[in-house]
Every structure is written in structure tokens, then in C-alpha cells.
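Asks:
2 protein chains.
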Amino acid sequence: MNRRYSSKVPTSDRGTLVSAPLPVTFAGGSEGEWRVESIAAVRGEALPDASHLAVVEGPDGIPATAAWVLRGVSSNERYVTRAEREQLVAKQSALGRAEATRAALIPITKSDVWWELSQDERREIFEERSRHIATGLEYLPAVARRLHHGRDLGEPFDFLTWFEYAPEDAAGFEELVGRLRETDEWRYVAREVDIRLAR
Amino acid sequence: MNRRYSSKVPTSDRGTLVSAPLPVTFAGGSEGEWRVESIAAVRGEALPDASHLAVVEGPDGIPATAAWVLRGVSSNERYVTRAEREQLVAKQSALGRAEATRAALIPITKSDVWWELSQDERREIFEERSRHIATGLEYLPAVARRLHHGRDLGEPFDFLTWFEYAPEDAAGFEELVGRLRETDEWRYVAREVDIRLAR
């Protein structure tokens with residue numbers, strides 16, 4: 017993992033918060049450490065086919081040729097409370113575990129209606145009604161994750177959601193994704209692509 | 017005002033929410049619609065001198081030469097509740113009033129400690145303790161404002177805060193800024209530059 021943007025702040029195996037936002041580029045094409053197993057349009061337009069995915073942290077090393085390039089930045093928490101963060105940090109795994117040879121990149125864009133809701137309304141939908149955090153906690157530490165934001169960058173997707181897990185935890189991951197897609201929060205998803213990977 | 021990024025959504029004189037994030041560039045140099053009256057370092061490093069400021073909405077038309085260029089993007093609300101938004105929208109003015117011939121650009125960066133706080137902790141400091149919104153409401157509609165985010169863009173400032181007012185409301189604006197700088201929230205400000213403008 018390119019530690020250039022995180023080298024100044026210690027990171028534990030638990031994925032302690034790193035101060036500076038981390039720009040990450042996901043490039044689908046003929047090169048990359050991940051093999052693309054499938055690309056499915058869950059809602060809205062799909063992405064072009066690609067055999068491999070390169071995941072590049074920081075500004076350098078982005079493949080010169082790619083079928084598609086998506087950019088996001090890890091950022092500060094938008095909804096999680098202190099109590100919830102403590103639960104998450106106690107259970108979560110960091111990216112890059114040797115056994116985590118399966119991954120999913122799920123780019124998501126939410127509707128204009130979502131973005132025009134006020135902070136308390138979005139939080140209420142996200143957790144009080146949809147239990148996004150509570151549900152996700154059930155699948156830690158098996159599923160490691162990182163969220164990247166793209167809306168403020170003018171990207172086609174608001175969020176680039178990344179997950180890693182061992183092959184034996186794939187069924188659990190499917191269950192998690194299925195449950196989230198049934199929530200009130202997901203009624204505000206305008207576009208979603210589901211990319212599955214292996215290495 | 018360049019409406020290119022807001023033309024698809026009606027905007028009222030009250031500054032109704034526009035859906036897409038708006039990228040804005042502030043370029044200090046020898047050209048621009050605003051004359052620079054003063055540049056002061058409130059905390060941390062200042063910015064180089066400039067006689068004029070150009071404010072450019074969208075990606076085109078940024079001056080080729082400038083002493084400094086700061087970029088931000090208007091984005092979704094991070095702390096404001098529905099009830100607070102209703103109060104704000106009922107009182108606030110839009111940018112571009114003919115009488116608003118004075119302005120302030122106040123770039124701000126907050127500390128790593130701030131960004132590592134959870135959402136509920138930041139909200140509690142921002143409003144329950146510091147009454148940022150409640151205080152600001154007292155100065156509407158005299159002071160029009162727009163907030164631009166820069167941290168996720170890798171910019172040197174987390175926020176580019178912009179204010180416009182008539183000359184007779186300048187004293188009120190000073191009072192507002194003075195009150196905010198005394199709050200708990202401002203203990204987390206690591207760098208702040210205060211640029212005053214006229215047209």
C-alpha cells in the first residue's frame with residue numbers, strides 16, 4: 017500500500033484514523049492487482065468492461081490507459097457518532113489482509129433529493145431508520161472497508177465504496193449488501209454499479 | 017453570476033439550494049471585479065499581497081497569472097438541521113445584491129484534532145456550544161454568504177468563507193466575525209486569513 021499520504025500518522029491494524037484526506041483512483045482496464053470477476057449495473061448505467069482493476073493511493077502511478085477511471089477521497093466522518101465509532105474501531109479490520117483475496121468496488125450516486133435534505137434528516141434516514149452502521153457492525157471483522165467521496169470532486173459517482181474479505185466470507189458479504197439495498201437509505205440511490213474482484 | 021452550474025434548478029432571490037456542487041476559484045492578483053482593501057493573517061501564515069480578486073464559478077475563465085489561487089466547492093450541509101435551515105432561508109440574502117459593495121474572503125483551516133472528532137462531537141461544538149448558526153442569524157439579511165469546501169480537494173484551506181454586505185453594514189459584520197472568533201469552535205482554527213474587498 018502506498019503509504020505516502022499516511023506516513024506521518026501511525027496507523028494500527030485496526031485502521032486508526034489518518035488525518036489527511038487520501039485521494040484514491042480506481043482504474044478499470046487491462047492492468048492492476050485485482051482481476052475483475054463481474055461488473056453489474058444495479059441501478060442506472062453500468063461501466064464498460066474491464067479485465068483488471070488498479071487501485072492507486074495518491075496522485076502518482078495511475079495507469080495511462082484504462083477503460084474507466086474513478087476518483088474519490090477518504091474524508092472525515094459525516095454521520096458516525098463517537099459511540100458508534102468506538103464500536104466500529106473495536107471490531108474492524110484494516111485493508112490488505114493476506115486472506116482477503118476477494119473484493120468489491122461499489123460506486124454509488126444518490127439523488128438530488130437526498131443531497132437537499134438537511135443533516136439531521138439524512139442522519140435519521142441513514143441510521144435511525146436504515147440502521148446502516150448497526151447492520152454493518154454485524155459483518156466486522158470479516159469485511160474490511162473504506163469509503164471514498166467523489167461528489168465534491170465533480171465525479172460521476174458520489175461514493176466509491178470498497179470492501180475486502182476472505183472467500184469464505186463472501187456469502188456474508190452478499191447478505192450485508194442485500195440487507196442494505198432493502199433500506200430506506202437505498203431508496204435515494206440513483207445509480208449503483210457492483211464490481212467484484214479477486215486476487 | 018455565472019449560472020452555468022445552477023441553470024437546471026430554479027434559484028430564488030433567497031438562494032434556494034442548488035443541487036450540483038459548484039466549484040469556485042478565488043484568484044488574487046492584478047485583475048478581478050473586487051479591489052483588495054487588506055489582507056491580514058489572523059492565525060498562521062498570510063497570503064501574498066494582491067491588488068484585486070477574481071471570483072470564478074465553474075472551470076473556465078480563471079486568470080492566467082495570479083499571486084495566489086484558492087479553490088473550493090459549495091457542497092451539501094454538514095451540520096444544519098431542517099429547522100435551522102428554515103430559519104436561515106427565511107432571512108438570508110443571495111449574493112450579488114447591487115448594494116453589497118463590500119466583501120470578505122476568509123480562508124480557514126481547522127486542526128487535525130477537529131477533523132478526527134466524530135460527527136456528533138463536531139456538531140456539539142459548532143452549535144450547542146458555539147451557537148454558530150444562531151449567532152449568524154442575527155446578521156441576516158444584511159450579510160450574504162457562501163461556504164466553499166477545500167479540504168477534500170487537497171487545498172491549503174479547508175474552507176473558503178465568502179461574505180457580501182453594504183458599506184453601512186460593515187460594523188455589523190465586524191461584530192459577527194469578532195463574536196465567532198471567541199467561540200469554542202474557533203479554538204480549532206489552525207490557520208485563518210482575512211481579506212477585505214470592495215467594488
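Chains A and B, in that order, are what the protein sequence lines are.
The end of the first sequence is residue 215 by the numbering used here, with every number in the run present.
The end of the second sequence is residue 215 by the numbering used here, with every number in the run present.
All C-beta atoms in this analysis are idealised placements derived from N, C-alpha and C, irrespective of residue type, glycine included.
Predicted model only: the values in this text are computed from it and were never measured.
#1: Can at least three beta-carbon pairs, one atom from the stretch 113-129 of chain B and one from the stretch 110-120 of chain A, be found at a separation below 8 angstroms?
#2: For A:S109, which residues in the same chain have their Cβ closer than 6 angstroms to its Cβ, ignoring the five residues on either side in sequence?
#3: Could you spell out where the alpha helix (DSSP H) holding B:L153 opens and where it closes?
#4: Can you check whether the CB of B:S46 is closer than 8 angstroms to the CB of B:H68?
#5: How would you label B:S54, buried or exposed, when you count the other beta carbons within 10 angstroms and need 16 or more for buried?
#6: Should B:R216 go down as buried or exposed, given a rule of 16 or more other Cβ atoms within 10 Å for buried?
#7: If we define contact as Cβ-Cβ less than 8 angstroms, is A:S91 a contact residue for chain B?
#8: With three or more C-beta pairs closer than 8 angstroms as the rule, is the stretch 178-187 of chain B touching the stretch 136-144 of chain B?
#9: Below 8 angstroms between beta carbons: does that hold for B:P39 and B:P75?
#10: So what does DSSP say about A:A214, is it helix, strand or coil?
#11: Please report how far the alpha carbon of A:E198 lies from the alpha carbon of A:H148, in whole angstroms.
#12: Apart from the five residues on each side of it in sequence, which residues of its chain come closer than 6 angstroms, Cβ to Cβ, to B:D185?
#13: Between A:S127 and A:A206, is the Cβ-Cβ spacing less than 8 angstroms?
#14: With H, G and I counted as helix, E and B as strand and the rest as coil, what does DSSP make of B:A96?
#15: Between the alpha carbons of A:S35 and B:R167, how many angstroms are there, rounded?
#16: Using the Cα positions of B:R94 and A:P64, report the straight-line distance between them to the nearest angstrom.
#17: Which one of B:I78, B:A106 and B:F173 has the shortest CA to CA distance from B:Y155?
#18: If the criterion is Cβ atoms closer than 8 angstroms, does the pair A:E208 and A:G60 meet it?
#19: Excluding the 5 residues flanking A:A82 on each side, which residues of the same chain have their C-beta closer than 7 angstroms to its C-beta?
#20: Use the C-beta contact count for A:G194: other C-beta atoms within 10 angstroms, 16 or more gives buried, fewer gives exposed.
Replies: Short version:
#1: no
#2: P157 and A160
#3: H148 to L153
#4: Contact: yes.
#5: exposed
#6: Here chain B comprises residues numbered 17 to 215, so residue 216 of chain B is not present and cannot be evaluated.
#7: By this cut-off, A:S91 is an interface position.
#8: no
#9: For B:P39 and B:P75, yes; Cβs fall inside 8 angstroms.
#10: strand
#11: Going by the C-alpha atoms only, they are around 11 angstroms apart.
#12: Closer than 6 angstroms at Cβ, skipping near neighbours: A158.
#13: It is a contact, given that the beta carbons lie within the stated cut-off.
#14: As written in the sequence, residue 96 of chain B is Val, which differs from the Ala given in the question. If DSSP states are grouped into helix, strand and coil, B:V96 belongs with coil.
#15: About 11 angstroms.
#16: 34 angstroms
#17: B:A106
#18: yes
#19: Around A:A82: A43, G44 and G45.
#20: exposed
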